[in-house]
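Colleague: Protein chains in written order, with this note's numbering: chain A, 77 to 331; chain B, -15 to 267. Beta carbons are placed, not taken as given, at the ideal position from N, Cα and C, and that holds for glycine.
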Ligand SMILES: Nc1ncnc2c1ncn2[C@@H]1O[C@H](COP(=O)(O)OP(=O)(O)OP(=O)(O)O)[C@@H](O)[C@H]1O
Ligand SMILES: [Mg+2]
């Protein structure tokens, strides 16, 4: 068996074993469905939703993706601003730490009152939760730039902006992707929280509405769907990193 | 190759410029550099340092670790302002960037996200904002000069340490700066690569007529490459001795066997270590 097939098959096997064990224990102990549905119950719960689960997944995915894009658009420039210059750092950082300290779950209902039930409130919630790890990672990368690279840029006559664009940001790429990996997973959490309090569609909404009707297997099917989305997004970030910024991975692996 | 050797050498035909050419290209007069420290006394890195360097000259800066060699270089590169005294380049107290003064560091410092060719072109990109066809042609010429013509499209991590340093040297020549500053450029390389690159540097100097200030920890390297060797004393860094190296050119590693070569080396060793350097020979 080659190492790649083993890397795929081994965890798959473990996962199947886990599902089978869960199923067997559910049968054996006769655990009531409303306490803990078995894998087959969850499967059936999902099937009962039919195509609805996919349209709602798409809804949630849209919120996650737009919110994540906004988090990048906010987090990366802020990361640069707080790291590159003493004054901007001192001016901005306290506000950002304060924003990040706000418990998202607590502020979500308030945002709904302000922005209504359209996507705006949900995007704000996702962005609030996901920009921070991206910002911190960007800032660490910017600060990590080797002094000699900066000297090179300066001797070449680079302005501070050129220095950021041609040296600091490219150097920060490996760090930024670290932040994106965390950011994309918390964006999923943010989207679900947002849908809990404010939505009539989406997986988060399905979870709350199914639970209200004691349709626990259906709710669990939605949770499984969310986990799948989360894993796929995480791997997509990895893929983009590998394909478009391969040099930054090699650099880490080497030396 | 031709394009490189045909490049302007800093020699000017007009009599006016001839007068300028007889003036030193680099003048450091009574230069002092003091670094403030968070706690305690400021560090005097360089004090009352005087050195003039003529056009096309190769001068080596040697001295104990921490005596301020890099500080002098960084000052000439415009990365650092002297606390006192004057630094003049080409009669101009306002230092300019890579087009006047180029620098090679101990580590190649290639940008890992750019190909070798793009690394060599990096100063052009910064200075002009864009890279023209003639710049690319010139970069290829320079890569050929340092023996890397077939590596242009490789990424830095695919090259050995010596090759990376060659690429860094090519990069330092791209804007045709008159002055080349080198801070222990071969210090991180193995002995064989080092000897190879030393000869390459002499070759490049013969072709391009750069004015070179070289920091080195190798006395042998200083004597081999330099027209003059400046020895610095430690804390605070001052000019301790300035030695004219009168060894016929072109030089090669055979020059190291000449009695004069050995005498110069011994004198530098004495300057740095004092009588301690003799102990072995005496006992
Ligand atoms: N940015 C700085 N802040 C404070 N002190 C500094 C700074 N740069 C250099 N120094 C001090 O100045 C002195 C000279 O440093 P420099 O790097 O020029 O020495 P050097 O001769 O190049 O040494 P080496 O041979 O080890 O490279 C040292 O004592 C060093 O601690
Ligand atoms: Mg040094």
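Taking DSSP's pairing of strands, which residues face residue 36 of chain B in a bridge?
Modeller: Residue 36 of chain B pairs with B:11.
Colleague: Could you give the uninterrupted runs of the beta strand (DSSP E) lying entirely in the region 133 to 175 of chain B, keeping only those of 3 residues or more?
Modeller: Taking only runs of at least 3 residues, the beta strand (DSSP E) segments lying wholly in the region 133 to 175 of chain B are 163 to 167.
Colleague: For residue 66 of chain B, would you say it is in contact with chain A, using Cβ-to-Cβ distances shorter than 8 Å as the test?
Modeller: No, residue 66 of chain B does not count as interfacial toward chain A.
Colleague: Can you give me the C-alpha to C-alpha distance between residue 301 of chain A and residue 157 of chain A, rounded to a whole angstrom?
Modeller: Their Cα atoms are separated by approximately 37 Å.
Colleague: Measure the Cβ-Cβ separation of residue 93 of chain A and residue 146 of chain A and say whether it is below 8 Å.
Modeller: In this structure, residue 146 of chain A does not lie closer than 8 Å to residue 93 of chain A by Cβ.
Colleague: For residue 95 of chain B, count neighbouring Cβ atoms within 10 angstroms of its own Cβ and tell me buried if that reaches 16, exposed if not.
Modeller: Looking at its Cβ environment, which holds 16 or more other Cβ atoms inside 10 Å, residue 95 of chain B is buried.
Colleague: Can you tell which of A:322, A:82, A:313 and A:305 has the C-alpha that lies nearest to the C-alpha of residue 132 of chain A?
Modeller: Closest by alpha carbon: A:305.
Colleague: So residue 15 of chain B packs on residue 69 of chain B, CB below 8 Å; how close in whole Å?
Modeller: With 8 Å as the limit, residue 15 of chain B and residue 69 of chain B qualify as a contact, their Cβ atoms being about 4 Å apart.
Colleague: Do we get a CB-CB distance below 8 Å when we pair residue 63 of chain B with the residues of chain A?
Modeller: True, the Cβ-Cβ gap to chain A drops below 8 Å.
Colleague: May I ask you to list, following chain order, the residues of the region 212 to 243 of chain A that have a beta carbon less than 8 Å from some beta carbon of chain C?
Modeller: Within the model displayed, chain C is absent; protein chains A and B are what it includes.
Colleague: Which chain A residues are close to residue 107 of chain B, counting only those with a beta carbon under 7 Å from its beta carbon?
Modeller: What residue 107 of chain B touches in chain A: 232.
Colleague: For residue 225 of chain B, which option in B:253, B:140 and B:176 has the closest C-alpha, if you only look at C-alpha atoms?
Modeller: Of the listed residues, the one whose Cα sits closest to residue 225 of chain B is B:253.
Colleague: Need the endpoints of the alpha helix (DSSP H) that residue 194 of chain A sits in, please.
Modeller: Here residue 194 of chain A belongs to no alpha helix (DSSP H), and DSSP marks it neither H nor E.
Colleague: Please classify residue 178 of chain A: does DSSP put it in a helix, a strand, or coil?
Modeller: In the structure shown, residue 178 of chain A sits in coil (DSSP, three-state: anything other than H, G, I, E or B).
Colleague: Going by the beta-carbon positions, is the gap between residue 273 of chain A and residue 184 of chain A smaller than 8 Å?
Modeller: For residue 273 of chain A and residue 184 of chain A, yes; Cβs fall inside 8 Å.
Colleague: What are the start and end residues of each continuous alpha helix (DSSP H) run of 4 or more residues lying completely inside the region 94 to 174 of chain A, in chain order?
Modeller: Here the runs fully enclosed are 115 to 125 and 128 to 160.
Colleague: Mind the definition here: the region 99 to 115 of chain B touches the region 137 to 157 of chain B only if three or more C-beta pairs lie below 8 Å; say whether that holds.
Modeller: With a cut-off of 8 Å, the region 137 to 157 of chain B and the region 99 to 115 of chain B count as touching, because enough Cβ pairs lie within range.
Colleague: For ligand 1, list every residue whose C-beta falls under 5 Å from any of its heavy atoms, going in chain order.
Modeller: Taken from the N-terminal end onward, the list reads B:19, B:27, B:29, B:49, B:50, B:51, B:52, B:53, B:54 and B:55.
Colleague: Are the C-beta atoms of residue 72 of chain B and some chain A residue less than 8 Å apart?
Modeller: Chain A, which has no Cβ nearer than 8 Å to the Cβ of residue 72 of chain B, makes this no.
Colleague: Taking the beta strand (DSSP E) that residue 44 of chain B belongs to, which residues open and close that run?
Modeller: Element bounds for residue 44 of chain B: 42 to 46.
Colleague: Counting only Cβ pairs nearer than 9 Å, list the residues of chain B close to residue 246 of chain A.
Modeller: Those within 9 Å of residue 246 of chain A in chain B are 95, 96, 97 and 98.
Colleague: Pull up the distance between the alpha-carbon of residue 85 of chain B and that of residue 17 of chain B, whole angstroms please.
Modeller: Using only the alpha carbons, I get a separation of about 20 Å.
Colleague: Since residue 271 of chain B sits in a beta bridge, which residues does DSSP pair it with?
Modeller: With chain B running from -15 to 267 in the structure shown, residue 271 of chain B is simply not present.
Colleague: Just to confirm, does residue 227 of chain A get its C-beta within under 7 Å of one of the non-hydrogen atoms of ligand 2?
Modeller: No - ligand 2 has no heavy atom lying nearer than 7 Å to the Cβ of residue 227 of chain A.
Colleague: Quick one: is residue 221 of chain B buried, meaning 16 or more other Cβ sit within 10 Å of its Cβ, or exposed?
Modeller: Label assigned to residue 221 of chain B: buried.
Colleague: Relative to the alpha-carbon of residue 258 of chain A, which residue among A:148, A:97, A:109 and A:219 has its alpha-carbon at the smallest distance?
Modeller: When only C-alpha atoms are compared, the closest one is A:148.
Colleague: Compute every distance between the C-beta of residue 199 of chain B and the non-hydrogen atoms of ligand 2, then say whether any falls below 7 Å.
Modeller: It does: the Cβ of residue 199 of chain B is within 7 Å (strictly closer) of some heavy atom of ligand 2.
Colleague: In chain order, what residues of the region 162 to 185 of chain B put their CB closer than 8 Å to some CB of chain A?
Modeller: Per Cβ criterion, the list is empty.
Colleague: Out of A:295, A:88, A:290 and A:289, which one is the CA nearest neighbour of residue 279 of chain A?
Modeller: When only C-alpha atoms are compared, the closest one is A:295.
Colleague: Determine whether the Cβ of residue 317 of chain A lies closer than 8 Å to any Cβ atom of chain B.
Modeller: Answer no: the Cβ-Cβ gap between residue 317 of chain A and chain B never drops below 8 Å.
Colleague: Under 8 Å, Cβ to Cβ, is there at least one residue of chain A near residue 57 of chain B?
Modeller: It does not; no Cβ of chain A falls within 8 Å.
Colleague: Could you tell me if residue 289 of chain A is buried or exposed, where buried requires 16 or more neighbouring beta carbons within 10 angstroms of its beta carbon?
Modeller: With fewer than 16 other Cβ atoms within 10 Å, it is exposed.
Colleague: List the DSSP bridge partners of residue 18 of chain B.
Modeller: According to DSSP, residue 18 of chain B bridges with B:28.
Colleague: Could you tell me the alpha carbon to alpha carbon distance between residue 19 of chain B and residue 194 of chain A, rounded to whole angstroms?
Modeller: Roughly 58 Å between the two C-alpha positions.
Colleague: Is the region 214 to 231 of chain A touching the region 122 to 139 of chain A in the sense that three or more CB pairs, one from each, lie closer than 8 Å?
Modeller: No, they do not touch.
Colleague: Examine ligand 2 and report whether any of its heavy atoms sits within less than 7 Å of the Cβ of residue 134 of chain B.
Modeller: It does not: the Cβ of residue 134 of chain B is nowhere closer than 7 Å to a heavy atom of ligand 2.
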